[in-house]
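Participant: Mind having a look at this structure? Questions to follow.
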Amino acid sequence: MTTQAGAPPPAAESRAQSFMRSALAILGETGRTDFTVAEVVERSKTSLRAFYQHFATKDELLLALVARIMVDATERWRAETAGLAATDALRLLIDQISAPATSSTQDSINRGLTYYNDHLLESRPTEFAAVLAPLHALFADILRRGVAEGSLRGDLDVPTDATILMHTTLGALRLRDLGADLGGTPIDGGHLSALFLRGLSG
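The sequence shown: position 43 = 43 (the UniProt record's numbering), numbered continuously.
The structure is reproduced here in structure tokens:
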């Protein structure tokens, strides 16, 4: 079996994935991203030399991890929304993104990566934008579908509106807690999609 041009050999790919799995395990246990490269190396039972053959810094490792999570999740959400009308697809996508964690481990991962995403946005905005590109494309495709169906306004600025929708929805992890404190009701995906659709279909 041959690898595609430009693709890393299987052994190298497996080693990089091992580092990402180790980082994810630490995140799941601690909910923090301030662990060290040495901890990742110890968890993956490799060496510092092996780590630096794949990642120049811990930031690069975490960026690769966030990118992998985003690609996998977006592919799943695209498949789930493919056969739906645009308004139903948008509701489902927002519900999936803003859904609470189903386990304490997932909650720790979500919490750690939520705060780390803020760091990436400030320190590596270009790379972080590339990480979000698949999700942005899915939002944009759903908006275009809605315009074509006639269920959404025809004057939408799809790229810009998709960006606003995406970033607002990603902030729902914070809104869920803040909503209960400020308005007495936790903010969930239903609140977000109802608000968005009032503007998009008005």
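Each residue gets a CB set at the ideal place from its N, CA and C atoms; glycine is no exception.
Can you grab the Cα-Cα spacing for the pair Thr102 / His54, in whole Å?
Facilitator: Here residue 102 refers to the residue found at position 102 when the sequence shown is read from its first residue. Here residue 54 refers to the residue found at position 54 when the sequence shown is read from its first residue. One C-alpha to the other measures close to 32 Å.
Participant: Return the first residue and the last residue of the alpha helix (DSSP H) that Leu152 is part of.
Facilitator: Translated into positions along the sequence shown, residue 152 becomes position 152. Run containing Leu152: none; DSSP gives neither H nor E here.
Participant: Just to confirm my understanding: we take Gln4, look at its own chain, exclude 5 residues before and 5 after, and list those with CB closer than 8 Å. What are they?
Facilitator: On the sequence shown, residue 4 is found 4 positions in, with the first residue counted as 1. Annotation note: pLDDT 40 at Gln4 (below 50); position unreliable, no value reported.
Participant: Go through the segment 40 to 71 residue by residue and report every complete run of the alpha helix (DSSP H) that reaches 4 residues or more, in order.
Facilitator: Listed in chain order, the complete alpha helix (DSSP H) runs (minimum 4 residues) inside the segment 40 to 71 are 48 to 54.
Participant: Exposed or buried, which one is Leu90 when buried takes at least 16 other CB atoms within 10 Å?
Facilitator: Start at 1 with the first residue of the sequence shown, and residue 90 comes out as number 90. Buried.
Participant: Confirm, please, whether the CB-CB distance from Asp118 to Gly189 is below 8 Å.
Facilitator: For the purposes of this step, residue 189 is taken as residue 189 along the sequence shown, with counting starting at 1. For the purposes of this step, residue 118 is taken as residue 118 along the sequence shown, with counting starting at 1. Contact: no.
Participant: What whole-angstrom Cβ distance do Phe139 and Ala162 have, given they're in contact under 8 Å?
Facilitator: Position 139 of the sequence shown, counting from 1, holds the residue named residue 139. Position 162 of the sequence shown, counting from 1, holds the residue named residue 162. At roughly 4 Å, the Cβ-Cβ gap stays under 8 Å, so Phe139 and Ala162 are in contact.
Participant: Quick one: using the 10 Å Cβ neighbour count with 16 as the cut-off for buried, is Ala172 buried or exposed?
Facilitator: Position 172 of the sequence shown, counted from the first residue, corresponds to residue 172. So Ala172 ends up on the buried side.
Participant: Does DSSP classify Gly31 as helix, strand or coil?
Facilitator: Position 31 of the sequence shown, counted from the start, is the residue given in the question as residue 31. Coil.
Participant: With distances taken between CB atoms, is the gap from Leu27 to Thr33 smaller than 8 Å?
Facilitator: Along the sequence shown, one-based indexing puts residue 27 at 27. Along the sequence shown, one-based indexing puts residue 33 at 33. Yes, they are a contact pair.
Participant: What is the DSSP secondary structure of Pro134, reduced to helix, strand or coil?
Facilitator: Within the sequence shown, the letter at position 134 stands for residue 134. Reduced to three states, the DSSP call for Pro134 is helix.
Participant: Roughly how many angstroms separate the alpha carbons of Ala7 and Asp72, rounded to a whole number?
Facilitator: One-based indexing of the sequence shown puts residue 7 at position 7. One-based indexing of the sequence shown puts residue 72 at position 72. With a pLDDT of 42 at Ala7, under the threshold of 50, the modelled position of this residue cannot be trusted; read the value that follows with caution. Rounded to whole angstroms, Ala7 to Asp72 spans 18 Å at the Cα level.
Participant: In whole angstroms, what separates the C-alpha of Arg145 from that of Glu127?
Facilitator: On the sequence shown, residue 145 is found 145 positions in, with the first residue counted as 1. On the sequence shown, residue 127 is found 127 positions in, with the first residue counted as 1. Each residue's alpha carbon lies about 28 Å from the other.
Participant: With distances taken from CA atoms, which of Leu192, Gly199, Arg198 and Ala129 is nearest Ala99?
Facilitator: Within the sequence shown, numbered from 1, the residue matching residue 99 stands at position 99. When each option's Cα is compared against that of Ala99, the closest is Leu192.
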